[in-house]
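Novice: The structure that follows is given in the form of structure tokens.
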């Protein structure tokens, strides 16, 4: 058996075993890379240098700014104001809170860029509120988690930045713009489905809001929603790069949270930064470990083997896209999105680019 074949078995086999043993993904990627490097007699220093190189990418600088902005606005009252604003728009229809839930995620996805931040910030508000108003608990939880997936598509998506790195420098701004329309379509589809279920189950409408109260809600919420305008509008008009828009949004979030809304004292900033740092450490260590793992895959020519294997099944790019989507659907049931992107992109992207599929299309 050729050395490369044994090395591939060691790399993927050890990774699979550690993943099934529920070892943290960062350690699974790093340890499998180190074990394979030892087998191939690749200097371990090279593996660690690859990890450092993986996070030494300018576009990744946007991630900490987006994380901090999301934490500040999540803890500073913006989530509740978004709920009030969405309720003002769609609350009067049948199953109004279900529609509010979906619209909340659309707005908050344009601020935090994270499905996890969406669920943790809005879920704590929406799920108890929906259950109290008579919505089934399983429906409330399922809708909250599903609608949070809009944050993966609607800019500023952390996962699109990670894909940009994994794909070798695809434009983050182009990915943001590419994900905007699909994200809105997803939100519309969820809203229609929620409305249909709400009508069938006779979920309640929300109370009418007075004109004066409506103006107050609009004023309070618009200050926070300007963050999304800064991010999306700045990138679309070319005023900012994705990284610059993240920095500006972070500063804006800091100002309106601590000096306009003033719901939390300035001394809470340390706790917010610490929470952001924990999230950032998890993301960046994962990217570092996946960089070494991806280099090992390329060194062992796994992308070329995957290309030949997939092309032996079909040379129709639409069938191939369907097969890859089914593969990613299955893998997504057992693996988080960030490591899935970092592992599969170097393998699958060369296959699709050879068939004329745009990297932006594949990324979205």
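Residue numbers (our numbering): 15 to 378.
Backbone N, C-alpha and C fix where the C-beta goes; we use that ideal spot for every residue, glycine too.
By Cβ distance below 6 Å, which residues in the same chain neighbour residue 345 in space, the five residues on each side in sequence not counted?
Specialist: 354
Novice: In or out: residue 95 buried (at least 16 other Cβ within 10 Å) or exposed?
Specialist: buried
Novice: Under a Cβ-count criterion, where at least 16 other Cβ atoms within 10 Å of its own Cβ denotes burial, should residue 375 be classed as buried or exposed?
Specialist: By the neighbour-count criterion, in which a residue is buried when 16 or more other Cβ atoms sit within 10 angstroms of its Cβ, residue 375 is exposed.
Novice: Is the distance from the Cβ of residue 266 to the Cβ of residue 90 below 8 Å?
Specialist: Result no, Cβ atoms of residue 266 and residue 90 do not sit closer than 8 Å.
Novice: Taking 8 Å as the cut-off, decide whether the C-beta atoms of residue 174 and residue 191 are in contact.
Specialist: no
Novice: Could you tell me the distance, in whole angstroms, from the CA atom of residue 300 to the CA atom of residue 105?
Specialist: 40 Å
Novice: Hey, quick one: how far does the alpha helix (DSSP H) through residue 298 stretch, first residue to last?
Specialist: 283-313
Novice: In angstroms, rounded to a whole number, what distance separates the CA positions of residue 87 and residue 218?
Specialist: In a straight line, the C-alpha of residue 87 is about 29 Å away from that of residue 218.
Novice: Just the Cα atoms here: how many angstroms apart are residue 97 and residue 240?
Specialist: 15 Å
Novice: Looking only at C-alpha atoms, which of 311, 361, 304 sits nearest to residue 321?
Specialist: The residue with the shortest Cα to Cα distance from residue 321 is 361.
Novice: Three or more C-beta pairs under 8 Å: does that hold for the segment 202-213 against the segment 121-141?
Specialist: With the cut-off at 8 Å, the segment 202-213 and the segment 121-141 do not touch.
Novice: Find the nearest neighbour of residue 146 within the set 307, 102, 112, judged by alpha-carbon distance.
Specialist: 112
Novice: How would you label residue 333, buried or exposed, when you count the other beta carbons within 10 angstroms and need 16 or more for buried?
Specialist: exposed
Novice: Apply the 10 Å Cβ neighbour rule to residue 158 and answer buried if 16 or more other Cβ atoms are within range, or exposed otherwise.
Specialist: Around the beta-carbon of residue 158, 16 or more other beta-carbon atoms lie within 10 Å, marking it buried.
Novice: For the alpha helix (DSSP H) holding residue 243, just list the boundary residues, first then last.
Specialist: Run containing residue 243: none; DSSP gives neither H nor E here.
Novice: What are the start and end residues of each continuous alpha helix (DSSP H) run of 4 or more residues lying completely inside the segment 113-164, in chain order?
Specialist: 129-146, 151-161
Novice: Alpha carbon to alpha carbon, what distance is there between residue 309 and residue 359?
Specialist: 12 Å
Novice: Mind the definition here: the segment 327-343 touches the segment 66-84 only if three or more C-beta pairs lie below 8 Å; say whether that holds.
Specialist: no
Novice: How long is the line joining the alpha carbons of residue 226 and residue 235, rounded to whole angstroms?
Specialist: 14 Å
Novice: When DSSP labels each residue in this structure, what does residue 227 get in the three-state scheme?
Specialist: helix
Novice: Starting from residue 169 and walking both ways along the alpha helix (DSSP H), at which residues does that stretch end?
Specialist: That residue, residue 169, is in no alpha helix (DSSP H); it is neither H nor E in DSSP.
Novice: Jot down the residue ranges of each uninterrupted alpha helix (DSSP H) in the segment 31-111, minimum 4 residues, whole runs only, in chain order.
Specialist: 39-54, 58-69, 76-89, 92-104
Novice: Which same chain residues end up closer than 8 Å to residue 342 when comparing Cβ atoms and leaving out the 5 residues on each side of it in sequence?
Specialist: Residues 354, 358 of the same chain have their beta carbon placed closer than 8 Å to that of residue 342, with the five preceding and five following residues left out of the count.
Novice: Grouping DSSP H, G and I as helix and E and B as strand, with all else coil, what is residue 181?
Specialist: In the three-state reduction of the DSSP assignment, residue 181 falls in the coil class.
Novice: For residue 237 and residue 183, what's the separation of their Cα atoms in angstroms?
Specialist: 33 Å
Novice: Under a three-way DSSP split, which group does residue 215 fall into?
Specialist: helix
Novice: Within the continuous alpha helix (DSSP H) that includes residue 331, where are the two ends?
Specialist: 331-346
Novice: Quick check: the segment 26-43 against the segment 279-290, are there 3 or more CB pairs under 8 Å?
Specialist: No contact exists between the segment 26-43 and the segment 279-290.
Novice: Quick check on the burial criterion: 16 or more other C-beta atoms within 10 angstroms. Buried or exposed for residue 252?
Specialist: By the neighbour-count rule (16 or more Cβ atoms within 10 Å), residue 252 is not buried but exposed.
Novice: Run the CB neighbour count on residue 187, radius 10 Å, all protein chains shown included, and call it buried at 16 or more, exposed below.
Specialist: buried
Novice: Assign residue 224 to buried or exposed, taking buried as 16 or more other Cβ atoms, counted over all protein chains shown, within 10 Å of its Cβ.
Specialist: exposed
Novice: Out of 363, 247, 153, 143, which has the shortest C-alpha to C-alpha gap to residue 181?
Specialist: 363
Novice: How is residue 220 classed by DSSP in three states: helix, strand or coil?
Specialist: coil
Novice: Report back the beta-carbon spacing between residue 306 and residue 65 to the nearest angstrom; my notes put them in contact at under 8 Å.
Specialist: About 5 Å separates the two Cβ atoms, so the contact holds.
Novice: Secondary structure at residue 328, three-state DSSP: helix, strand or coil?
Specialist: Coil at residue 328, not helix or strand.
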